[in-house]
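A.B. asks: Sharing a structure with you now.
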Amino acid sequence: MAPAPPITPATALCGVILHPAGHTRSPAMHNAAFRALGLDAVYLAFDVPPAALADAVRGARALGIRQLAVSLPHKEAALGLVDEVEPTARAIGAINTITRSAGRLVGSNTDWIGAVRALERETELRGRNAVVLGAGGAARGVVFGLVRSGARVTVLNRTRHRAEALARALGAAAAGDLEELARIDYDVLVQTTPVGLRSDRSPVRPEWIPPGAVVLDAVYDPVETRLLREARTRGARVVSGKWMLVHQAAEQLRIWSGREPPVDVMARAFDDAAAG
């Protein structure tokens, strides 16, 4: 790997805010892309507890940070801390990206693009029966992307009323609690809750996964979660959360730099970070 270029006052500062920050692969991916494109930029991870979110955004404004990715648990709360919200992100009700533009902080959402492009590696989405597990900020982006792509979407969540509210807001066809997955005929399953993050847990019983379904777990640490492992055993086609992360990150890079992102470079950097 080529040595990192020196950081100077002209270097563009980017990063990700999340809590906790230990599992993120974003710095590896973005810094590899910066090197490949010859951009004078650096990308860091910032561990920001919920109580410090407003201070972190004010700090980004004061320091002239070019872009912040917004990860768990801040995607909905950050919506009210920027100067402008891009219309798609406003419709989704969550942001995962804050970009400086003409001195203003603009919130946008690339999660939906990441989810759609990741799923399209395995299936067409139009006309599919899709289930989304969870009702947080990541789920909002996924539901938006699936509905926009022509899928019939059901939202399931441990707290049923949150699933119902999300479904109403984004045009999903149905909503319910997690156990209803056992009774639903679906082609696509997207898991957006934190269950399985750095643990051997799954929110889904293996017998609830039909053979031939496409299963995407937004959790990417471990790269193959228990859900994906059990889905593969059941004869489902699995999509690692790596691909949702890579594709949403590529779109973030496109937003602030205007350059075509090197997706293959970013995917290899994810793999290297996961391995080491």
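First residue of the sequence shown: 5, per this note's numbering; consecutive thereafter.
Note that beta-carbon positions come from the ideal geometry of N, C-alpha and C, so glycine has one too.
My output table needs one value for E228: the three-state DSSP class, helix, strand or coil.
C.D. replies: As a working note, residue 228 is residue 224 in the sequence shown. Residue state, collapsed to three classes: coil.
A.B. asks: Kindly identify the DSSP beta-bridge partner or partners of I102.
C.D. replies: Position 98 of the sequence shown, counted from the first residue, corresponds to residue 102. Beta-bridge pairing links I102 to L72, G111.
A.B. asks: Specify the secondary structure class of I213 as computed by DSSP and reduced to three states.
C.D. replies: Position 209 of the sequence shown, counted from the first residue, corresponds to residue 213. In this structure, I213 counts as coil in the three-state DSSP scheme.
A.B. asks: Give me the Cα-Cα distance between A178 and R162, rounded to the nearest whole angstrom.
C.D. replies: For the purposes of this step, residue 178 is identified with residue 174 of the sequence shown, where counting begins at 1. For the purposes of this step, residue 162 is identified with residue 158 of the sequence shown, where counting begins at 1. For A178 and R162, the distance between alpha carbons rounds to 15 Å.
A.B. asks: How would you call L123, buried or exposed, if buried means at least 16 neighbouring beta carbons within 10 angstroms?
C.D. replies: If you number the sequence shown from 1, residue 123 lands on position 119. Buried is the call here.
A.B. asks: Can you list, in chain order, the residues of its chain whose CB lies under 6 Å from that of V242, leaving out five sequence neighbours each side?
C.D. replies: Position 238 of the sequence shown holds residue 242. Correct list, in chain order: V219, L232, A235, R236.
A.B. asks: How should P54 be labelled, buried or exposed, when 16 other C-beta atoms within 10 angstroms of its C-beta is the threshold for buried?
C.D. replies: Position 50 of the sequence shown, counted from the first residue, corresponds to residue 54. Under this definition P54 is an exposed residue.
A.B. asks: Quick check on this structure: which residue in A271, R263, F148 has the alpha carbon closest to the alpha carbon of L41?
C.D. replies: Within the sequence shown, residue 41 is the residue found at index 37, counting from 1. Taking only the C-alpha atoms, the option nearest L41 is R263.
A.B. asks: Would you list the residues sitting across from Q195 in a DSSP beta bridge?
C.D. replies: The sequence position of residue 195 within the sequence shown is 191, counting from 1. For Q195, which the question treats as bridged, DSSP gives the partners L137, D221.
A.B. asks: What are the boundary residues of the beta strand (DSSP E) that D51 is part of?
C.D. replies: On the sequence shown, position 47 is the one that residue 51 refers to. Here the beta strand (DSSP E) through D51 covers 45-51.
A.B. asks: Between the C-alpha atoms of L43 and A93, what's the straight-line distance to the nearest angstrom?
C.D. replies: The sequence position of residue 43 within the sequence shown is 39, counting from 1. The sequence position of residue 93 within the sequence shown is 89, counting from 1. Roughly 27 Å between the two C-alpha positions.
A.B. asks: Take T229 and list the residues in its own chain whose beta-carbon comes closer than 6 Å to its own, dropping the five residues that flank it on each side.
C.D. replies: To locate residue 229, count along the sequence shown from 1; it is residue 225. Counting only Cβ-Cβ distances below 6 Å, and skipping sequence neighbours, we find G200, D221, V223.
A.B. asks: By the DSSP assignment, the beta strand (DSSP E) with A178 in it spans what residues?
C.D. replies: As a working note, residue 178 is residue 174 in the sequence shown. First-last of the beta strand (DSSP E) with A178: 178-180.
A.B. asks: Which two residues bound the contiguous alpha helix (DSSP H) that contains L67?
C.D. replies: One-based indexing of the sequence shown puts residue 67 at position 63. Looking at the DSSP string, the run of the alpha helix (DSSP H) that includes L67 is 57-67.
A.B. asks: How would you call T12, buried or exposed, if buried means at least 16 neighbouring beta carbons within 10 angstroms?
C.D. replies: Position 8 of the sequence shown, counted from the first residue, corresponds to residue 12. Counting Cβ neighbours within 10 Å, T12 comes out exposed, since fewer than 16 surround it.
A.B. asks: Using a Cβ-Cβ cutoff of less than 6 Å, which residues in the same chain neighbour R104 once the five nearest sequence positions on both sides are dropped?
C.D. replies: For the purposes of this step, residue 104 is identified with residue 100 of the sequence shown, where counting begins at 1. Taken in chain order, the residues that qualify are R70.
A.B. asks: Since I21 sits in a beta bridge, which residues does DSSP pair it with?
C.D. replies: For this step, residue 21 is matched to residue 17 along the sequence shown. Bridge partners of I21: F50, V74.
A.B. asks: What's the call for S203, buried or exposed, on a 16-neighbour Cβ count within 10 Å?
C.D. replies: Reading the sequence shown from its first residue, position 199 is the one you call residue 203. With fewer than 16 other Cβ atoms within 10 Å, it is exposed.
A.B. asks: Give the straight-line distance between the Cα atoms of D181 and T158, rounded to the nearest whole angstrom.
C.D. replies: Within the sequence shown, numbered from 1, the residue matching residue 181 stands at position 177. Within the sequence shown, numbered from 1, the residue matching residue 158 stands at position 154. Taking the straight line joining both Cα atoms gives about 10 Å.
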